[in-house]
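Position one of the sequence shown corresponds to residue 62 (our numbering), numbered consecutively onward.
Quick reminder that beta carbons are idealized off the backbone N, C-alpha and C, glycines included.
Remember, predicted model here, so these are calculated numbers, not experimental data.
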Amino acid sequence: MNYIYGLLLVLLSTIACTDDLADLSFASAENIPAPSEISALLTVTQDNSGMVTITPTGNNANSFEIGFGDEKTETATVASGESTTHTYAEGSFEITVTAMGLNDLTATANIPLNLSFRAPENLEIKAEIDASNPFKLNVSATADYAAAFHVYFDTSNTEEAPTALGIDAIIGYEYPTVGDYTIKVVALSGGSETIETTQKITVSAPTNLPIDFEIFDASVLAGFDGGVMTVIDNPSKNEDNNSDKVGQIVKNAGQPWGGNIITLSEPIDFSTKKFIKMNVWSPRAGGKMLFKVENIAKAEIAYEQEVVLTGNSAWEEVTIDYSDIDVSKEYQKVILIFDNGTMGDGSLDFTFYVDNIKLASQSTSGGSINFPMSFEIPFETSSFDGGNISIIDNTKTDGNSSTKVAKLVKDAGQVWAGSKITVPNVYQLETDFTVTLNVWSPRADLSLLMKFEDAVGWPNTTATPEITATTTKANEWETLTFNFSGIDTSIDFNNLVLIMDNGAAGDGSDNYTIYLDDISIASFLDFEPQQALSSFDGGEISIIDNTKTTGNDSSKIIKLVKDAGQVWAGSKITVSEPYILTESTTIKLKVWSPRSGLNLLMKFEDAIGWPNTTATAEITATTTKADEWEELTFTFPTIDTSIDFTNLVLIMDNGAAGDGSDNYTIYIDDITKL
62 MNYIYGLLLV
72 LLSTIACTDD
82 LADLSFASAE
92 NIPAPSEISA
102 LLTVTQDNSG
112 MVTITPTGNN
122 ANSFEIGFGD
132 EKTETATVAS
142 GESTTHTYAE
152 GSFEITVTAM
162 GLNDLTATAN
172 IPLNLSFRAP
182 ENLEIKAEID
192 ASNPFKLNVS
202 ATADYAAAFH
212 VYFDTSNTEE
222 APTALGIDAI
232 IGYEYPTVGD
242 YTIKVVALSG
252 GSETIETTQK
262 ITVSAPTNLP
272 IDFEIFDASV
282 LAGFDGGVMT
292 VIDNPSKNED
302 NNSDKVGQIV
312 KNAGQPWGGN
322 IITLSEPIDF
332 STKKFIKMNV
342 WSPRAGGKML
352 FKVENIAKAE
362 IAYEQEVVLT
372 GNSAWEEVTI
382 DYSDIDVSKE
392 YQKVILIFDN
402 GTMGDGSLDF
412 TFYVDNIKLA
422 SQSTSGGSIN
432 FPMSFEIPFE
442 TSSFDGGNIS
452 IIDNTKTDGN
462 SSTKVAKLVK
472 DAGQVWAGSK
482 ITVPNVYQLE
492 TDFTVTLNVW
502 SPRADLSLLM
512 KFEDAVGWPN
522 TTATPEITAT
532 TTKANEWETL
542 TFNFSGIDTS
552 IDFNNLVLIM
562 DNGAAGDGSD
572 NYTIYLDDIS
582 IASFLDFEPQ
592 QALSSFDGGE
602 ISIIDNTKTT
612 GNDSSKIIKL
622 VKDAGQVWAG
632 SKITVSEPYI
642 LTESTTIKLK
652 VWSPRSGLNL
662 LMKFEDAIGW
672 PNTTATAEIT
682 ATTTKADEWE
692 ELTFTFPTID
702 TSIDFTNLVL
712 IMDNGAAGDG
722 SDNYTIYIDD
732 ITKL
C-alpha cells in the first residue's frame, strides 16, 4: 500500500514541474524592464580642490557611463554600487549619467552641479633673506582652502606680473639694490574667491672691508669730477684674479682729480691692521693710484697714500702702508683717484679695474708681518732706578703655555724702581679702555702700577693716570685688570711703565721677582717671536741670542742645523698671514756660514701640507765667505700671487746628508724683499 502512495506522489510532482516551466515566459529579454529612476550622489571635497565624487544610482542598472559635463571629453564607466572622481573648476555643470541594464536597455539622466569655492582663510607669509645672498628674498605662504598663490615682489615695474607659488613651495627673487619693499601675496581658491596680505621687508647689504664686488650694493658708489665706477664681469679673469665681478673705474674728462667714492656701512677698524691690500688692473705701466680714507661727515679728517702701479694690462696686488694713520679718528669713505693731476679722457687708457680691497696685518712696530724679518721681539725693554726686565723662557708653564714671558725684578734702588716696554709706534689707546695682563707673583697683595708715557722723557714727560692692581694669588698665574679713562688720545704714548710695590724698596730677591705675559691692549704684547718655526726630516731651527755680532748688531738671530736624517732635511718659517709676494720677487738675507760654497735653498709653500703642497720654484744661493756675515740673494721667477704662501722653507746643502756638526750649522738674519 505504501508503495502505491509513493508512486502517486512522484507522478503528481512531475506534472507540477511541467506546469511551472510553461510559466517562465515572463523572464525573457523582452520582459526585463529598462533602468529607471536614474540619479547620482555628488560629494564635493571641502578643500577648494574642485574634486567631486560621483556615485550613480538607478533601478535595473548593471553599470553606468558618466559624462562629466566640462571641457574634458573623456567619460568614465562605473559598476553598480561604485563611484568615480573628477576635478572641476568653479562654475555650473551638467553631469550625464547613462544607466545600462541586462537587456542592453539604457536610461539617461542629467544631474546639475553648481560648484562654488570657499574663500581662503588664515593667510600667512614667510619671507626670509637668503643666507648666502643678502639681496635675495625667499617666499612661501600658507592658507586654509588655498589652491595656489600669486606673489608680487614690489619691483620697479608698475605693471608687475604675479609670480606663481604652489602649495608647500618656495620661490626666490633677487633685488637689484638695498631698500624697503612691500611684498603682496594673494591666496587663490581655484575660483573667484581670493584673499591677500602684504608684508614689509628690508633688503640690506653692509658694505665693509673686505670688498670683492661679488654681492655688492652699487648704490654706495659715487663718482666726482669725471670719475665713474660700476660693477662688471671680470674682463681679465685668470689665475691672478679669478673673481667673477670687479669694480670698473673710468676717468673721463672733468677735473685732474676726478675719482670715485665707496661709502662703507661703518668706519674701518684700523686698530690692529694698518695695511690695505687690493688687486688692481691698469692699462699701462707707471700709472699712479691714490687711496684715501675719509670721515663720513668731515672731509678734513682724512688720510691718503699714493702708489705706483706695474700696469701693463694685468692684475697686480698692491699693498698700501697706513701705519701712520690716526686711529682715534673714524674713516667711513674710501676714495680712489687714478693718475691724480692728469685729466682723463674716458678711453681705454683711462679705464682701470679694482678688486679684493681688504685690511692686512702688521707687526707691533708698524711694519709688514713678514718682511723684513729680523727675529727681534717687536718692542724694546728698559728699566730705571733699580728695576730690571728681561724676556726669558717660560718656566712657570702650569696655567700658561707660552714659551716666552717677561721677568720683572725690583732691586735695591729707588722706591719707584720699574721698567718700560717701548714700541716704535704709539700704543693704540681709546679714551676709555681696559688693559689686562697675566702675572705670576710669589705672594698675594703685591701691587703693580701701570701707566703710559710719551717719548719726551723726564722732566717733560706726559703720562696717563697711574693705575694700580693687586695680586690675590701666590705662586700661580692670574689676570690683573687696569681700568683707564679720560686718556688724551692726541698724545703719542710710546712707553708702557710698570712699577712693582711703588713706595717700597726692593731687594732683588724672589720676593721682588714677578713674571708677566699676554698684556692685552690694541698693540697686543705676548713676548713671543712673530713667526712660528718648525723643521722636518733632520732639520733644526731656533731663535737665539746673537753671538756673531761682528758685522751684525742684531740681538736675536736664527740658528739652522742640519742633523742626520734625509738629504732634504730643512726648516720652515711660518706666518699667520700670507707672505706679501709680487711677480719677479727678489729675497735677500744675511747668513753666517762656517764654510764657503755652502748651498742654501729657499722656496715658499702654502699651508696644505704634503702631498698636496703648492710651492714656488726652488731657488739656491751659495755662500762665498766663511765665518763672517754676508748677504745672499734669491731671485724668483713669476709667482702665482693668488696662492696664500705662508711657509718660507730653507734647506741647507740639499742632496747631502748633514751630521749636526758646526760644519752643518749656519745663522740667518734680516730676511728682506726688494
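CB contact flag (residue i, residue j, <8 angstroms)
i: PHE277; j: VAL246; result: no
i: VAL354; j: ILE329; result: yes
i: ASN708; j: ALA678; result: no
i: ASN563; j: VAL476; result: yes
i: PRO96; j: ALA137; result: no
i: SER444; j: LYS468; result: no
i: ILE396; j: GLY320; result: yes
Paired residues, beta bridge with residue i - DSSP
i: TYR576; result: LYS468, TRP501
i: GLU98; result: DSSP output for GLU98 lists no bridge partner at all.
i: GLY152; result: LEU176
i: MET404; result: Per DSSP, none; premise fails for MET404.
i: PRO698; result: Its beta-bridge partners do not exist; DSSP assigns none.
i: TRP376; result: TRP342
C-alpha gap between residue i and residue j, whole angstroms
i: THR525; j: ILE582; result: 15 angstroms
i: GLU254; j: SER177; result: 9 angstroms
i: GLY428; j: ALA363; result: No answer about GLY428 holds up, because its pLDDT of 35 lies below 50 and its placement is not dependable.
i: ILE453; j: ILE604; result: 12 angstroms
i: ASN303; j: SER343; result: 16 angstroms
i: ASP387; j: THR542; result: 26 angstroms
i: ASP273; j: VAL307; result: 7 angstroms
i: VAL484; j: SER632; result: 30 angstroms
i: THR685; j: PHE597; result: 26 angstroms
i: ASP108; j: TYR206; result: 5 angstroms
i: LYS457; j: ASP294; result: 57 angstroms
i: PHE285; j: THR224; result: 40 angstroms
i: PHE413; j: GLN393; result: 23 angstroms
i: VAL158; j: GLY130; result: 10 angstroms
i: THR523; j: ASP549; result: 10 angstroms
i: GLY569; j: VAL470; result: 6 angstroms
i: THR324; j: ASP241; result: 19 angstroms
i: PHE196; j: GLU361; result: 34 angstroms
i: ASP229; j: PHE331; result: 48 angstroms
i: LEU82; j: ALA122; result: Reliability fails at LEU82, whose pLDDT of 42 lies under 50, so the model's placement of it is uncertain and no value is given.
i: SER426; j: ASP215; result: Because the pLDDT at SER426 is just 35, under 50, the model does not fix this residue reliably, and the point stays unresolved.
i: ALA625; j: SER615; result: 30 angstroms
Which of helix, strand or coil DSSP assigns to residue i
i: TYR364; result: strand
i: LYS280; result: Residue identity differs from the one stated: residue 280 is Ser in this sequence, not Lys. It is helical.
i: PHE9; result: Outside the displayed span of the chain (62 to 735) sits residue 9, for which this structure offers no information.
i: ASP165; result: coil
i: ASP459; result: coil
i: ASN321; result: strand
i: ASP614; result: coil
i: ASN171; result: strand
i: TYR213; result: strand
i: TYR725; result: helix
i: ASN59; result: Residue 59 is absent from the model: the chain starts at 62 and stops at 735.
i: ASP515; result: strand
i: ASP301; result: coil
Outcome for residue i when other beta-carbon atoms lying within 10 angstroms are tallied against a minimum of 16
i: THR646; result: buried
i: GLU666; result: buried
i: ILE156; result: buried
i: ASN92; result: exposed
i: ALA88; result: Only weak support is given to the placement of ALA88: the predicted model assigns it a pLDDT of 48, under 50, and the question is left unresolved by the model.
i: GLN316; result: exposed
i: ASP416; result: buried
i: GLY547; result: exposed
i: SER424; result: Residue placement at SER424 cannot be trusted, given a pLDDT of 37 that sits under 50; the coordinates are not used to answer.
i: ASN499; result: buried
i: PRO639; result: buried
i: THR268; result: buried
i: TRP653; result: buried
i: ASP84; result: Because the pLDDT at ASP84 is just 49, under 50, the model does not fix this residue reliably, and the point stays unresolved.
i: ALA473; result: exposed
i: LYS133; result: exposed
i: CYS305; result: The sequence shown places Asp at residue 305, rather than the Cys named in the question. Result: exposed.
i: TRP376; result: buried
i: ASP730; result: buried
i: ASP400; result: buried
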